[in-house]
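Numbering (the working numbering), first residue to last: 1 to 370.
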Ligand code: SF4
Ligand code: SF4
Ligand code: SF4
């Protein structure tokens, strides 16, 4: 793991001074406004600016940033990866950034925040106080408490993993959308390249994610039993919820997950914390998902692919051995790959490819005809 302060510019150091406190402050007001004021009326009075909730403003900033970065990448039409930024944007990357832009704008912003606002009594700028659903962050919770959630978590996501690997994380997820967008900005790509943990030990620590998965499933089952009045353990559930709030949601999800972008790259939460990612990886491993990244023997040993990977995968070790090209491959058996395609896009000699889903042939995802 690199030292976090190594080689920072003055601009970056100044940015960092404000970034972390800003993330913490914004997050605390967003999730726990009652820590700062005495009543729900005061939350509306002090934090519902122009009659809109903190959730609305948080999502406006969050989604706006993602849409802006993706639109910029799409309009420029050049790859955002590496130093060869003059290279044409590949079809794969164009579709990926389009998917991020549309999912974030429509599914995670317009549908939950704009449409209900337009329909509500009193007009768009008259939100009533509504506390956040503190269970949603554990991701698998909805799978235990609603039919729609069950189908989504236990049918649709596994099906997508079987065909597409964990591309859900780089094409669609609301959390992953921010990581993916920030990861191609000037500062973000520097954080990914220089500060993503890549040591052997950092890979072993990925096992932590399975503990989060076990805890999330345990919590989901308890909530299910409680909802259906099969078994109730009210005080245990509140204690569990409080500890998840603190450990998973605040410390790991927000402070480390987003606040640590400049320290450990953009995918720390996705690599070590997210229970859904752990579930996807296990599912992909045991159902032999069609997903794989394959080296084709053209490698020149430049190692750019490894430095580009936000998940800390030593991609180059599958493409060459001491400078001699090899045709290794990896999938969800031996990596936490999210299929972002950054390693493929940055390789100047097109030595990496995704395995084609149905025929087993390879597809060329670069913008260059081969
Ligand atoms: S790892 Fe989890 S949080 Fe990250 S992109 Fe995937 S599903 Fe979303
Ligand atoms: S696959 Fe491409 S980027 Fe990776 S080491 Fe080989 S030549 Fe370099
Ligand atoms: S191995 Fe390549 S495709 Fe997979 S996460 Fe890393 S950079 Fe993205």
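We treat Cβ as the ideally placed atom computed from N, Cα and C, and that holds for glycine.
Keep in mind it's a predicted model, so treat the numbers as computed, not measured.
Start-to-end residues for the beta strand (DSSP E) that takes in residue i
i           : result
residue 352 : 352-355
residue 295 : 293-295
8 angstroms contact criterion, which residue i and residue j should meet: CB distance rounded
i           : j           : result
residue 319 : residue 352 : 6 angstroms
residue 171 : residue 96  : 5 angstroms
residue 141 : residue 223 : 6 angstroms
residue 113 : residue 50  : The Cβ separation is near 14 angstroms, so there is no contact.
residue 54  : residue 30  : 5 angstroms
residue 213 : residue 275 : 4 angstroms
residue 314 : residue 307 : The pair is not a contact, with the Cβ atoms about 10 angstroms apart (cut-off 8 angstroms).
residue 262 : residue 19  : 7 angstroms
residue 373 : residue 317 : Look at the range of the chain in this structure, 1 to 370, and you will see that residue 373 is not part of it.
residue 269 : residue 175 : 7 angstroms
residue 327 : residue 355 : At roughly 12 angstroms, the Cβ-Cβ gap does not stay under 8 angstroms, so residue 327 and residue 355 are not in contact.
residue 225 : residue 231 : 4 angstroms
residue 349 : residue 300 : 5 angstroms
Best match in the options for proximity to residue i [C-alpha to C-alpha]
i           : options               : result
residue 100 : 224, 198, 87 and 167  : 167
residue 106 : 36, 177 and 199       : 177
residue 216 : 251, 196, 235 and 279 : 279
residue 16  : 324, 317 and 260      : 260
residue 186 : 288, 69 and 18        : 69
residue 201 : 272, 157 and 117      : 272
residue 12  : 120, 115 and 188      : 188
residue 277 : 169, 219 and 321      : 169
residue 346 : 162, 27, 193 and 179  : 193
residue 128 : 245, 225, 47 and 180  : 47
residue 66  : 94, 92, 89 and 102    : 102
residue 203 : 74, 28 and 337        : 337
residue 146 : 227, 22, 131 and 267  : 227
residue 72  : 59, 89 and 60         : 89
residue 335 : 255, 253, 303 and 206 : 206
residue 195 : 118, 264, 303 and 104 : 264
residue 122 : 52, 26 and 144        : 52
residue 284 : 339, 253 and 25       : 339
residue 173 : 130, 110, 199 and 104 : 104
residue 256 : 295, 323 and 179      : 179
Alpha helix (DSSP H) segment containing residue i, residue limits
i           : result
residue 215 : 208-227
residue 9   : Where residue 9 is concerned, there is no enclosing alpha helix (DSSP H), given that its DSSP letter is neither H nor E.
residue 116 : 115-119
residue 141 : 141-145
residue 64  : 54-76
residue 234 : 234-244
residue 47  : 40-47
Buried or exposed (CB count within 10 angstroms, at least 16 for buried), residue i
i           : result
residue 368 : The pLDDT assigned to residue 368 is 35, lower than 50, so where the model puts this residue is not dependable, and the model offers no usable value.
residue 233 : exposed
residue 310 : buried
residue 372 : The structure shown does not extend to residue 372, since the chain spans only 1 to 370, so no value can be given for it.
residue 35  : exposed
residue 333 : exposed
residue 239 : exposed
residue 344 : buried
residue 14  : exposed
residue 361 : With a pLDDT of 47 at residue 361, under the threshold of 50, the modelled position of this residue cannot be trusted; read the value that follows with caution. When all chains shown are included, residue 361 counts as exposed.
residue 45  : exposed
residue 120 : exposed
residue 116 : exposed
residue 250 : buried
residue 10  : exposed
residue 1   : Because residue 1 sits at a pLDDT of 44, beneath the cut-off of 50, its placement in the model cannot be relied upon, and the point is left open.
residue 286 : exposed
residue 363 : Residue confidence for residue 363 is low, a pLDDT of 43 falling below 50, so the modelled location carries little weight and cannot support an answer.
residue 7   : exposed
residue 266 : buried
residue 243 : exposed
residue 184 : buried
heavy atom of ligand 1 below 7 angstroms from residue i C-beta
i           : result
residue 220 : no
residue 276 : yes
residue 168 : yes
residue 337 : no
residue 165 : no
residue 176 : yes
residue 70  : no
residue 173 : yes
Residue i CB to nearest heavy atom of ligand 3 below 7 angstroms
i           : result
residue 406 : Within the shown structure, residues of the chain are numbered from 1 to 370, placing residue 406 beyond reach of any answer.
residue 293 : yes
residue 258 : no
residue 313 : yes
residue 268 : no
heavy atom of ligand 2 below 7 angstroms from residue i C-beta
i           : result
residue 342 : no
residue 374 : An answer regarding residue 374 cannot be provided, because it is not within the stretch 1 to 370 covered by the chain.
residue 192 : no
residue 300 : yes
residue 332 : no
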